[in-house]
Amino acid sequence: LRLVVLVSGSGTNLQALLDASRESGYGAEVVAVGADRTGIEGLARAERAGVPTFVERLADHPHRAEWDTALARRIGAWKPDLVVCAGFMKILGPPTIEAFPVVNTHPALLPAFPGAHGVRDALAYGVRVTGCTVMFADAGVDTGPIIAQETVPVYDGDDEQLLHERIKAVERVLLVETIGRMAREGWSVSGRRVRLGG
Ligand code: GRF
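Under UniProt numbering, the letters of the sequence shown match residues 7 to 204, in that order.
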C-alpha cells in the first residue's frame, strides 16, 4: 500500500510508520512525506530515511482554495493508495478529501475532545481515562468514521505534556497496527462503521 504521510511537527508517528515499513510483510510503504511548513523534525526524519519530501505552505497562496488544490496535486504526484495525517495541523479541503482515502490520528477518544487541543481539553475536563483514535478524515474536524481506538489512563499530577507523551506512546503503536492491517486485509466502510478485512 503506497502511503503519503502529512506532518506538521516532531513526526514521532511518522517515525513509527517509517520503522514498520522496513519490515518485510508489513504491507505499506511511505512513498513521500508532505508538510505545511519547513524546518520541522518530521521532515528531517523523512530525509534521514531517504524518503522524498514536499512542503506546501498556506502563506505561499493567495487563498486557501489555491493551497488546497496545490496540496492535492503534490500528494497526487506520488499516486498514494492512502494518505495518513500524522500530526498534520491543517484541515484538508475537498480537493484532497475527495481524491484520496485519508486516515488521521487524534490524541483523544473521539467524539470526545476533537480539535487542536484534545489532550489539554481532556485534562481540564478531569477525565480518568482518555486515549487515541485512528479515523478517516472527512470534511469536518475529527468527525470521520472511526477505525480504531485505545485507552490511556490519566494520573493525578499529569500535565498536558506528560499526558500527551503517554498518549503518543500508545498512539504510534495503534497507528502502525491499524495501517498494517488496512494494507494486508483491506477495509470497507458502511455509514459510520468501518470493517477491516476483505
Ligand atoms: C499526535 O499526538 C497527533 O495525534 C496530534 O499531535 C501529535 C503529533 O505528534 N495531532 P508527532 O508529530 O507525530 O510526534
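Idealized CB from N, CA, C, for every residue including glycine.
Closer than 6 Å to a non-hydrogen atom of the ligand GRF - does that hold for the CB of residue i?
{"i": "glycine 33", "result": "no"}
{"i": "serine 16", "result": "yes"}
{"i": "glycine 93", "result": "yes"}
{"i": "lysine 96", "result": "no"}
{"i": "lysine 85", "result": "no"}
With a CB to CB cut of under 6 Å and the five nearest residues on each side skipped, what residues in its chain are close to residue i?
{"i": "glutamate 191", "result": "Leu202 and Gly203"}
So what does DSSP say about residue i, is it helix, strand or coil?
{"i": "histidine 112", "result": "strand"}
{"i": "alanine 154", "result": "strand"}
{"i": "proline 159", "result": "strand"}
{"i": "tryptophan 84", "result": "coil"}
{"i": "residue 205", "result": "With the chain represented from 7 up to 204, any question about residue 205 goes unanswered, as that position is not in the structure."}
My assumption, with CB atoms under 8 Å, is that residue i sits in contact with residue j. Please give the rounded CB distance.
{"i": "valine 125", "j": "histidine 69", "result": "Not quite, the Cβ-Cβ distance comes to about 31 Å (not below 8 Å), so this is no contact."}
{"i": "threonine 111", "j": "valine 140", "result": "5 Å"}
{"i": "valine 57", "j": "valine 90", "result": "Not confirmed; about 13 Å, so no contact."}
Using the rule of at least 16 other Cβ atoms within 10 Å of the residue's Cβ for burial, across every protein chain shown, is residue i buried or exposed?
{"i": "valine 160", "result": "buried"}
{"i": "serine 196", "result": "exposed"}
{"i": "arginine 178", "result": "buried"}
{"i": "arginine 79", "result": "exposed"}
{"i": "glutamine 167", "result": "exposed"}
{"i": "alanine 62", "result": "The sequence as given places glutamate at residue 62; alanine does not occur at that position. That one is buried."}
{"i": "glycine 31", "result": "exposed"}
{"i": "valine 108", "result": "buried"}
Between which residues of its own chain and residue i is the CB-CB distance below 7 Å, once the five residues before and five after are set aside?
{"i": "glycine 121", "result": "Val147 and Asp148"}
{"i": "arginine 187", "result": "Leu202"}
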